[in-house]
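Peer 1: Chains Y and W are the protein sequences, given in the same order.
Using this note's numbering, you'd call the opening residue of the first sequence number 9 and step up by one each time.
Using this note's numbering, you'd call the opening residue of the second sequence number 47 and step up by one each time.
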Amino acid sequence: MSQINRRNFIKVAAAASSATALSFPSIARAAAKAKVVVIGGGYAGATAAKYIKRLDAGIDVTLIEPNPVYTSCPLSNEALVGHRDLKTLQVGYDGLKKRGVNVLQDLVTGVDRARKTVTTKGGNTLSYDALVMSPGITFHYDTIEGYSESLINDIPHAWEAGPQTLLLKKQLEAMPDGGVFVIVVPKGPFRCPPGPYERASLVANYFQHHGKKKSKVIILDGNDSHSKKGLFNQAWAKMYGWEKEGLNTNGMIEWLKGAEGGFINKLDAKTKTVSSDFVDVKADVLNIIPPHKAGRIAVTTGLAGSTGNNFEKGWCKVQPMDMASAVDPNVYVVGDSCVAGEMSTYGNPNAAFDMPKSAHIAMAQAKVAAAAIVAKVNGLPTPQPYYANTCYSVVGDDYGISVAHLYRVVNGTFKYIPEGSGVSPVTMPDGSPVPPIYRKLEAEYADGWLRNVMADAFL
Amino acid sequence: MKRAVLSVLSVAGLCAATGALAVDNIRGLAMTCDNCHGTGGTSVGLSMPSIAGLPEAYLKNIMMEWKTGKRASANMTRLIKGYSEDEIAALAGYYAKLPWKPQPQSVAADVLLKGKDASEACENCHGKTGASEEDDTPHLNGQWAKYLELELMKYRDPGFAMPHRKMTNAAKKLGADQVQPAAQYYGAQSK
Chain Y
9 MSQINRRNFI KVAAAASSAT ALSFPSIARA AAKAKVVVIG GGYAGATAAK
59 YIKRLDAGID VTLIEPNPVY TSCPLSNEAL VGHRDLKTLQ VGYDGLKKRG
109 VNVLQDLVTG VDRARKTVTT KGGNTLSYDA LVMSPGITFH YDTIEGYSES
159 LINDIPHAWE AGPQTLLLKK QLEAMPDGGV FVIVVPKGPF RCPPGPYERA
209 SLVANYFQHH GKKKSKVIIL DGNDSHSKKG LFNQAWAKMY GWEKEGLNTN
259 GMIEWLKGAE GGFINKLDAK TKTVSSDFVD VKADVLNIIP PHKAGRIAVT
309 TGLAGSTGNN FEKGWCKVQP MDMASAVDPN VYVVGDSCVA GEMSTYGNPN
359 AAFDMPKSAH IAMAQAKVAA AAIVAKVNGL PTPQPYYANT CYSVVGDDYG
409 ISVAHLYRVV NGTFKYIPEG SGVSPVTMPD GSPVPPIYRK LEAEYADGWL
459 RNVMADAFL
Chain W
47 MKRAVLSVLS VAGLCAATGA LAVDNIRGLA MTCDNCHGTG GTSVGLSMPS
97 IAGLPEAYLK NIMMEWKTGK RASANMTRLI KGYSEDEIAA LAGYYAKLPW
147 KPQPQSVAAD VLLKGKDASE ACENCHGKTG ASEEDDTPHL NGQWAKYLEL
197 ELMKYRDPGF AMPHRKMTNA AKKLGADQVQ PAAQYYGAQS K
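Next up, the structure:
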């Protein structure tokens, strides 16, 4: 932090030469006490930029993001089936600008960690005292034979909301009754753990409301279990005729686990047929969610693991106290690019103690990083971090479910707090069915949650 | 400038100085609530309540009731069990000190009249406009109408365990067609 100290010294010296200057914050602001660059303007990056400014307006913050408008992935499954307009998921960067954040519409092409500079496609070079790395994810199409990025206009992933969502929507609408909508889920960890199953639910809901009751949704899963499984199965049984796991059931939704052939490794794009070592499934509408890892710039910057299990390789390890990268204390990795949570359970597919790649936890991480950066710049100790998560899934009319996660940092390591975590009840404590009001409330809360997280991050 | 920074981080500093019983970094803890309840505790989501400026005793009581299982909630009963009693008390104190910012919502004149009539069942405790200053009574003026309607629904549903007998009785006295207007009447009040 020698650079910051030098800046502080210059600022103090300048102020001392004019005693009255101290009482005018605008003059103090004119000479920033530190420079922070934020790469990526999703939920994590926007929150980091906003909260650094909110905690200390004297820090110069520049957010670099290639797109002028952000489209929220959370609740984009509702846009997919026409329950909400995509516009309700969109927000620009004027709110951050109003808070004094410099917003640069550009793409970062390189980071020099030794010189602490960031270079962009547009030819800008920015120096930083602290860097917030929040580029989200990069898809890896090459893990499925016959699949490539050039196919995504015909076989949309819709795992980044926006045009992809609308493409898949068009295909869903054009699909005749009796058609098969296939969702291919990559091996975890992936962005939005309940997302594929929420999507299956809402597509089934769409079939019911649009005279396509003979149609099917087939989920081919790279994993042997999934988020909120008991709740999804219950909802599917209640609304969509769910019978049991496996293919060729009478239900509108079918789910094939990885070990029984759900792990897809081959595509015939012409016939929209996907294959595993056990099955071939032909789709009318094919939705492949490609395997993904930390955003490319985080990888080329040397922040991602190059070895280890599926949770370690390709994701960025962080320090629990402040979200700083495990390999560079001046770079903070927040959002989907990082891997965080109880490290001892990594690699165990049945343990859900890693932090989910959700907007909510991304914002929690960003707030922790923002507070840590502000404390460091001001020579104060790192504040105690708290990480909380809530993920709502809307799975039918007046039917919402959720999962909550709470993490603390104890003796410098992440600690999952089971008593503060958990899913919506599957039954009441006495075993009786959950009254419908619980599901209705959570469907309503999902919308309230969305509006607040969008405002808390971007406005 | 240094003074401004101190005011921002003073709570963390003070707690560190006063020892282990104090809650470290209450501001950081509160930030975990703001995701859903809005920056600084003032919500912009219609189904989510603003919590900034609600009375301390009310906030503490409701969180403790969730923690101990006396009050049902579709979601808060889970997260809150991970927070200590000290943290709950600190959060209640923190949000109670922030200003209550009513978000008056427009509503058709006839609904407003109907709601005003219905609100007579609420007036004794919550006041004519919902701006009660009692420490155990939440403000309703300019709270989100959608949220208030959902709360009334919870009190009126026999399958949903709400502990406040007086409130339960009052909510059940309302006719089904009075619930939404009553909520909208309070949501429309600015003070």
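Note that CB positions come from ideal geometry on N, CA and C, so glycine has one too.
Computed from a predicted structure; not experimentally measured.
Could you tell me the alpha carbon to alpha carbon distance between residue 4 of chain Y and residue 231 of chain Y, rounded to whole angstroms?
Peer 2: Examination of residue 4 of chain Y is not possible in this model, given that chain Y is present from 9 through 467 alone.
Peer 1: For residue 272 of chain Y and chain W, any beta-carbon pair shorter than 8 Å?
Peer 2: Mapped onto the first sequence, residue 272 of chain Y falls at position 264. No, residue 272 of chain Y lies away from the interface with chain W (no Cβ there is under 8 Å from its Cβ).
Peer 1: Looking at the unbroken alpha helix (DSSP H) that takes in residue 253 of chain Y, where does it start and where does it end?
Peer 2: Sequence index remark: in the first sequence, residue 253 of chain Y carries index 245 (1-based). Run containing residue 253 of chain Y: none; DSSP gives neither H nor E here.
Peer 1: Examine chain W for any beta-carbon lying closer than 8 Å to the beta-carbon of residue 259 of chain Y, and answer yes or no.
Peer 2: Residue mapping note: residue 259 of chain Y aligns to position 251 of the first sequence, counting from 1. False, the Cβ-Cβ gap to chain W never drops below 8 Å.
Peer 1: Below 8 Å CB to CB, which residues in the same chain sit around residue 182 of chain W once its five sequence neighbours on both sides are set aside?
Peer 2: Reading the second sequence from its first residue, position 136 is the one you call residue 182 of chain W. Correct list, in chain order: 101, 103, 104, 107.
Peer 1: If you run the structure through DSSP and keep just helix, strand and coil, what is residue 158 of chain W?
Peer 2: Taking the first residue of the second sequence as 1, we reach residue 158 of chain W at position 112. If DSSP states are grouped into helix, strand and coil, residue 158 of chain W belongs with the helices.
Peer 1: Alpha carbon to alpha carbon, how far is residue 392 of chain Y from residue 70 of chain W? Give it in angstroms, no decimals.
Peer 2: As a working mapping, residue 70 of chain W is identified with position 24 in the second sequence. As a working mapping, residue 392 of chain Y is identified with position 384 in the first sequence. Approximately 6 Å, taken between the alpha carbons.
Peer 1: Report all residues from its chain with a CB closer than 6 Å to the CB of residue 34 of chain Y; omit the five preceding and five following residues, and keep chain order.
Peer 2: If you number the first sequence from 1, residue 34 of chain Y lands on position 26. Low per-residue confidence applies at residue 34 of chain Y: pLDDT is 42, beneath 50, and the placement is therefore not dependable, though the value from the model is reported in the following sentence. No residues qualify anywhere along the chain.
Peer 1: Am I right that residue 465 of chain Y and residue 54 of chain Y are in contact with their C-beta atoms under 8 Å? What's the rounded C-beta distance?
Peer 2: Position 457 of the first sequence, counted from the first residue, corresponds to residue 465 of chain Y. Position 46 of the first sequence, counted from the first residue, corresponds to residue 54 of chain Y. About 4 Å; that satisfies the 8 Å criterion.
Peer 1: Would you say residue 76 of chain Y reaches chain W, if we count a Cβ-Cβ gap shorter than 8 Å as a contact?
Peer 2: Here residue 76 of chain Y is taken as the residue at index 68 of the first sequence, counted from 1. With 8 Å as the cut-off, residue 76 of chain Y does not count as an interface residue toward chain W.
Peer 1: In whole angstroms, give me the CA-to-CA distance for residue 195 of chain W and residue 173 of chain W.
Peer 2: The residue given as residue 195 of chain W occupies position 149 in the second sequence. The residue given as residue 173 of chain W occupies position 127 in the second sequence. Approximately 18 Å, taken between the alpha carbons.
Peer 1: Quick check on residue 93 of chain W - is its C-beta less than 8 Å from some C-beta in chain Y?
Peer 2: Along the second sequence, read from residue 1 onward, the residue named residue 93 of chain W stands at position 47. Yes, because at least one Cβ of chain Y sits closer than 8 Å to the Cβ of residue 93 of chain W.
Peer 1: Within a Cβ cutoff of 6 Å, which residues of the same chain sit near residue 165 of chain W, ignoring the five residues on either side of it in sequence?
Peer 2: Within the second sequence, numbered from 1, the residue matching residue 165 of chain W stands at position 119. Once the five neighbours on either side are set aside, the close Cβ partners of residue 165 of chain W are 228, 231.
Peer 1: Given residue 83 of chain Y, which residues of its chain have a CB within under 6 Å of its CB, disregarding the five upstream and five downstream residues?
Peer 2: In the first sequence, residue 83 of chain Y corresponds to position 75, counting from 1. These residues qualify, in order along the chain: 458.
Peer 1: Looking at residue 169 of chain Y and residue 81 of chain Y, is the spacing between their C-beta atoms short of 8 Å?
Peer 2: Here residue 81 of chain Y is taken as the residue at index 73 of the first sequence, counted from 1. Here residue 169 of chain Y is taken as the residue at index 161 of the first sequence, counted from 1. Against a cut-off of 8 Å, the Cβ pair of residue 169 of chain Y and residue 81 of chain Y comes out as a contact.
Peer 1: Rounded to whole angstroms, what is the Cα-Cα separation between residue 350 of chain Y and residue 364 of chain Y?
Peer 2: Position 342 of the first sequence, counted from the start, is the residue given in the question as residue 350 of chain Y. Position 356 of the first sequence, counted from the start, is the residue given in the question as residue 364 of chain Y. For residue 350 of chain Y and residue 364 of chain Y, the distance between alpha carbons rounds to 11 Å.
Peer 1: According to DSSP, is residue 244 of chain Y helix, strand or coil?
Peer 2: The residue labelled residue 244 of chain Y in the question sits at position 236 within the first sequence. Residue state, collapsed to three classes: helix.
Peer 1: Between residue 104 of chain Y and residue 57 of chain Y, which are expected to be in contact by the criterion C-beta below 8 Å, what is the C-beta distance as a whole number of angstroms?
Peer 2: As a first step, residue 104 of chain Y is located in the first sequence; it is residue number 96 there, counting from the start. As a first step, residue 57 of chain Y is located in the first sequence; it is residue number 49 there, counting from the start. That belief holds up - the Cβ atoms of residue 104 of chain Y and residue 57 of chain Y are roughly 6 Å apart, short of 8 Å.
Peer 1: Consult DSSP for residue 120 of chain W and reduce its assignment to one of helix, strand or coil.
Peer 2: In the second sequence, residue 120 of chain W corresponds to position 74, counting from 1. In this structure, residue 120 of chain W counts as coil in the three-state DSSP scheme.
Peer 1: From the beta carbon of residue 34 of chain Y, is the nearest beta carbon of chain W less than 8 Å away?
Peer 2: Along the first sequence, one-based indexing puts residue 34 of chain Y at 26. Any reading at residue 34 of chain Y is ruled out, since the residue's pLDDT is 42, under 50, leaving its predicted position unreliable.
Peer 1: Using the rule of at least 16 other Cβ atoms within 10 Å of the residue's Cβ for burial, across every protein chain shown, is residue 229 of chain Y buried or exposed?
Peer 2: Numbered from 1 along the first sequence, position 221 holds the residue referred to as residue 229 of chain Y. Flag for residue 229 of chain Y reads buried.
Peer 1: Is residue 130 of chain Y near the ligand COA, going by C-beta to nearest heavy atom under 7 Å?
Peer 2: With respect to the ligand COA, the structure offers nothing, as it holds no ligand at all.
Peer 1: Checking contacts by CB at 8 Å: is residue 392 of chain Y closer than that to chain W?
Peer 2: Position 384 of the first sequence, counted from the first residue, corresponds to residue 392 of chain Y. Residue 392 of chain Y counts as touching chain W.
Peer 1: Could you tell me whether the Cβ atoms of residue 146 of chain Y and residue 128 of chain Y are closer together than 8 Å?
Peer 2: Residue numbering aside, residue 146 of chain Y sits at position 138 when the first sequence is read from its first letter. Residue numbering aside, residue 128 of chain Y sits at position 120 when the first sequence is read from its first letter. Their beta carbons are not under 8 Å apart, which means residue 146 of chain Y does not touch residue 128 of chain Y by this criterion.
Peer 1: How would you list, in chain order, the residues of chain Y whose beta-carbon sits under 7 Å from the beta-carbon of residue 77 of chain W?
Peer 2: The count along the second sequence starts at 1 and reaches residue 77 of chain W at position 31. Within chain Y, the residues near residue 77 of chain W are 375.
Peer 1: When you compare each of Y:408, Y:78, Y:151, Y:396 to residue 100 of chain Y by their alpha carbons, which one comes out closest?
Peer 2: Numbered from 1 along the first sequence, position 92 holds the residue referred to as residue 100 of chain Y. When each option's Cα is compared against that of residue 100 of chain Y, the closest is Y:78.
Peer 1: What does DSSP give as the partner residues of residue 263 of chain Y in its beta bridges?
Peer 2: Here residue 263 of chain Y refers to the residue found at position 255 of the first sequence. Paired residues: Y:227, Y:254.
Peer 1: In terms of DSSP beta bridges, what is residue 125 of chain Y paired with?
Peer 2: To locate residue 125 of chain Y, count along the first sequence from 1; it is residue 117. In the DSSP output, where bridge partners are listed per residue, residue 125 of chain Y has Y:120, Y:135.
Peer 1: Just curious, the beta strand (DSSP E) that residue 67 of chain Y is in, first and last residue?
Peer 2: Indexing the first sequence from 1 puts residue 67 of chain Y at position 59. Looking at the DSSP string, the run of the beta strand (DSSP E) that includes residue 67 of chain Y is 67 to 72.
Peer 1: What does the alpha-carbon distance come out to for the pair residue 203 of chain W and residue 445 of chain Y?
Peer 2: The residue labelled residue 203 of chain W in the question sits at position 157 within the second sequence. The residue labelled residue 445 of chain Y in the question sits at position 437 within the first sequence. Straight-line Cα distance between these residues: approximately 8 Å.
Peer 1: For the alpha helix (DSSP H) that contains residue 307 of chain Y, what are its first and last residues?
Peer 2: Against the first sequence, residue 307 of chain Y aligns to sequence position 299. Unbroken alpha helix (DSSP H) run through residue 307 of chain Y: 304 to 308.
Peer 1: Do residue 6 of chain Y and residue 442 of chain Y have their C-beta atoms closer together than 8 Å?
Peer 2: The structure shown does not extend to residue 6 of chain Y, since chain Y is modelled only from 9 through 467, so no value can be given for it.
Peer 1: So which residues on chain Y does residue 168 of chain W lean against when the C-beta distance must stay under 9 Å?
Peer 2: Counting from one through the second sequence, the residue named residue 168 of chain W turns up at place 122. None at all; the shortest Cβ gap to chain Y is about 21 Å.
Peer 1: Leaving aside the five residues before and after residue 216 of chain W along the sequence, list all residues of the same chain whose C-beta is less than 7 Å from its C-beta, in chain order.
Peer 2: Your numbering for residue 216 of chain W matches position 170 in the second sequence. Taken in chain order, the residues that qualify are 167, 168.
Peer 1: The alpha helix (DSSP H) spanning residue 189 of chain Y covers which residue range?
Peer 2: Position 181 of the first sequence, counted from the start, is the residue given in the question as residue 189 of chain Y. Not the alpha helix (DSSP H): residue 189 of chain Y falls in the beta strand (DSSP E), residues 188 to 193.
Peer 1: Enumerated in chain order, which unbroken segments of the beta strand (DSSP E) with a length of 3 residues or greater are wholly contained in the segment 407 to 437 of chain Y?
Peer 2: Whole beta strand (DSSP E) segments, 3+ residues: 407 to 418, 421 to 424.
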